[in-house]
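Colleague: Here's a structure for you.
Residue numbers (this note's numbering): 358 to 811.
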């Protein structure tokens, strides 16, 4: 039975999810139902579900009880010996935030949608916070301002907390990825003059922009090139360019293409200077990109503030995951203070019906999606790529680092509180360009590549 299934329904089961997001159609329906409940109703069902599990460890006994007393009176029967209302109130209570006025930095890309939209759409206020979201020029600036405590927390590329914690590109400072912001949502984009270069093997000698060295963009682009026989360090040029500057650089022919967030790619199409070669999800459907990150010091010194902030982010992420909300979100994050983009450009990204710059209209509702769970296996894969391309020197304890930086347990707890259904495990296998990644064997994975630096 899902934590948010109706515990007094004869149709519900007590089985927990053993893999993936839902174990059954009933689990999926329960998650959708939970999203329609008020906070009080969700909390009450969490408490009731826990009590029913404790009293009736299997479905047969629970159903016998429900048949004996009647489903409509089961809650009242339990309440005669257990204070459901009081327990629900205690469960819902959280500590008062130590600080309510916060600054959260972000880069103006659709990957940051939950962090950005939480401001104009009231999610921070809902959770008792007064958050100023600060548009920032580039990833190194986001890193430095967060390290220097000018920002309390930030939108970061998912590999960045791993890099910061290990002292890659900066002094080692314990940082965490508290939640994943988006999955998918990136495009391989080429200048219009390269319409004849649909075969990746023909990209030899081209200049590509990536947002940052410690980014999924760097690792995915390198992966794609290497799988097509091109060495990303000798056969092409890779340049770090902030996403807001990529279209201008493509127009000026300073670069031939880029792998970047979909709003940047779609703006290149909108301006007539580029076309979308392919979506990143064609390599790995469901890959992470950006994260909500903070320092360990922030979490330890302001645990209640951190908890409220994480709840607001997870709440906003859950809202953004629903297709019916995407048009309204595009309007909310379009203004100059946020993405400074035409709403139609953002709508093509978020809704998934878009022009590719080659005269085609494509429709992919999952072009970008939003799922807050920070899988440890995501972190392990990123670490393998850091090792593969020589960013990490020496030995690395992949699982230990992943557990310390990607806070899957915290995210799962908050997701349950919000009425969402987190996975039952923090590790999973997945495929990248048809090659299966086993997070239990990271060293073997690194060794298996023909083109690598380590």
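The beta-carbon is built from N, C-alpha and C at its ideal position, and this holds for glycine as well. Because the structure is a prediction, the values reported are computed rather than measured.
For the segment 628-642 against the segment 509-520, do three or more pairs of beta-carbon atoms, one drawn from each stretch, fall closer than 8 Å, so that the two count as touching?
Modeller: Segments in contact, no.
Colleague: In the DSSP output, what is residue 755 paired with across the bridge?
Modeller: Residue 755 is not bridged to any residue.
Colleague: When DSSP labels each residue in this structure, what does residue 487 get in the three-state scheme?
Modeller: Three-state DSSP puts residue 487 in a strand.
Colleague: Output the boundary residues of the alpha helix (DSSP H) element that contains residue 547.
Modeller: From DSSP, residue 547 is part of no alpha helix (DSSP H) but of the beta strand (DSSP E) over 543-548.
Colleague: Where DSSP assigns a beta bridge to residue 512, which residues make up the other side?
Modeller: DSSP output for residue 512 lists 649 as bridge partner(s).
Colleague: Is DSSP giving residue 737 helix, strand or coil here?
Modeller: Residue 737 falls in the helix class under three-state DSSP.
Colleague: Do you know how far the Cα of residue 764 is from the Cα of residue 693?
Modeller: C-alpha separation (whole angstroms): 32 Å.
Colleague: If contacts are defined as beta-carbon pairs under 8 Å, then residue 741 and residue 625 qualify, I think. What distance do you get, rounded to the angstrom?
Modeller: Contact doesn't hold; Cβ gap of about 31 Å is too wide.
Colleague: Would you mind reading off the limits of the alpha helix (DSSP H) that contains residue 502?
Modeller: Here the alpha helix (DSSP H) through residue 502 covers 496-504.
Colleague: When the distance is taken between beta carbons, is residue 538 closer than 8 Å to residue 649?
Modeller: Taking 8 Å as the Cβ cut-off, residue 649 and residue 538 qualify as a contacting pair.
Colleague: Assign residue 573 to one of two classes, buried (16 or more other C-beta atoms within 10 Å of its C-beta) or exposed (fewer than that).
Modeller: Result: buried.
Colleague: Check the C-beta distance from residue 662 over to residue 536 and give it rounded, since I have them as a contact under 8 Å.
Modeller: Going by Cβ atoms, the distance from residue 662 to residue 536 rounds to 15 Å, so no, they are not a contact pair.
Colleague: So residue 711 is in the beta strand (DSSP E); what residue range does that whole segment cover?
Modeller: Looking at the DSSP string, the run of the beta strand (DSSP E) that includes residue 711 is 710-712.
Colleague: What number of angstroms, rounded off, separates the C-alpha of residue 751 from the C-alpha of residue 590?
Modeller: Taking the straight line joining both Cα atoms gives about 20 Å.
Colleague: 8 Å is my cut-off, CB to CB: does residue 596 come that close to chain D?
Modeller: No chain D is part of this structure, which consists of one protein chain only.
Colleague: Could you tell me if residue 637 is buried or exposed, where buried requires 16 or more neighbouring beta carbons within 10 angstroms of its beta carbon?
Modeller: Classification of residue 637: buried, given that the 10 Å Cβ count is 16 or more.
Colleague: Would you mind listing the alpha helix (DSSP H) stretches within the segment 752-804 that are 4+ residues and don't spill past its ends, in chain order?
Modeller: Entirely contained in the segment 752-804, the alpha helix (DSSP H) runs reaching 4 residues are, in chain order, 755-762, 765-774, 799-804.
Colleague: Pairing CB atoms from the segment 487-502 with CB atoms from the segment 597-609, are three or more of them under 8 Å?
Modeller: Taking 8 Å as the limit for Cβ pairs, the verdict is that the segment 597-609 does touch the segment 487-502.
Colleague: If you drop the 5 nearest sequence neighbours on each side, which residues of the same chain put their C-beta closer than 8 Å to that of residue 593?
Modeller: 560, 561, 562, 563, 564, 565, 582, 587.
Colleague: Can you round the beta-carbon distance between residue 677 and residue 727 to whole angstroms, since I take them to be within the 8 Å contact cut?
Modeller: Yes, residue 677 and residue 727 are in contact; Cβ-Cβ is about 4 Å, under 8 Å.
Colleague: Where residue 656 and residue 509 are concerned, what is the direct C-alpha to C-alpha distance, given to the nearest angstrom?
Modeller: Straight-line Cα distance between these residues: approximately 10 Å.
Colleague: Secondary structure at residue 635, three-state DSSP: helix, strand or coil?
Modeller: Note: residue 635 maps to strand in three-state DSSP.
Colleague: In whole angstroms, what is the alpha-carbon distance linking residue 794 and residue 421?
Modeller: Spanning the two alpha carbons is a distance of roughly 45 Å.
Colleague: On the DSSP bridge list, what partners appear for residue 453?
Modeller: Bridge partners of residue 453: none, in fact.
Colleague: Under three-state DSSP, which class holds residue 525?
Modeller: Three-state DSSP puts residue 525 in coil, outside helix and strand.
Colleague: Give me the Cβ distance between residue 514 and residue 620, rounded to the nearest whole Å; I'm assuming they're in contact under 8 Å.
Modeller: Contact flag wrong, Cβ pair sits at about 15 Å.
Colleague: Taking the beta strand (DSSP E) that residue 565 belongs to, which residues open and close that run?
Modeller: Residue 565 -> beta strand (DSSP E) spans 564-567.
Colleague: Sorted by chain position, which residues of the same chain lie with C-beta nearer than 7 Å to residue 783's C-beta, five sequence neighbours on each side aside?
Modeller: Contacts found: 732, 733, 765.
Colleague: Given this structure, state the Cα-to-Cα distance separating residue 579 from residue 690, to the nearest angstrom.
Modeller: Their backbone Cα atoms lie some 31 Å apart in a straight line.
Colleague: By the three-class DSSP mapping on this structure, what secondary structure does residue 680 have?
Modeller: Three-state result, residue 680: helix.
Colleague: Can you tell me which of 711, 525, 679, 701 puts its alpha carbon nearest to the alpha carbon of residue 688?
Modeller: Answer by Cα proximity: 701.
Colleague: Counting along the chain, where does the alpha helix (DSSP H) carrying residue 718 start and finish?
Modeller: Per DSSP, residue 718 belongs to no alpha helix (DSSP H); it is in the beta strand (DSSP E), 718-720.
Colleague: Select from 604, 781, 768 the residue whose C-alpha is nearest the C-alpha of residue 698.
Modeller: The shortest Cα separation from residue 698 among 604, 781, 768 belongs to 604.
Colleague: Leaving out five residues on either side along the sequence, give the residues of the same chain with a beta carbon under 7 Å from the beta carbon of residue 789.
Modeller: The answer, listed in chain order, is 580, 640, 641.
Colleague: Considering only C-alpha positions, which residue in the set 647, 530, 558 is nearest to residue 511?
Modeller: Comparing Cα-Cα distances from residue 511 to each of 647, 530, 558, the minimum goes to 647.
Colleague: By the three-class DSSP mapping on this structure, what secondary structure does residue 577 have?
Modeller: Helix at residue 577.
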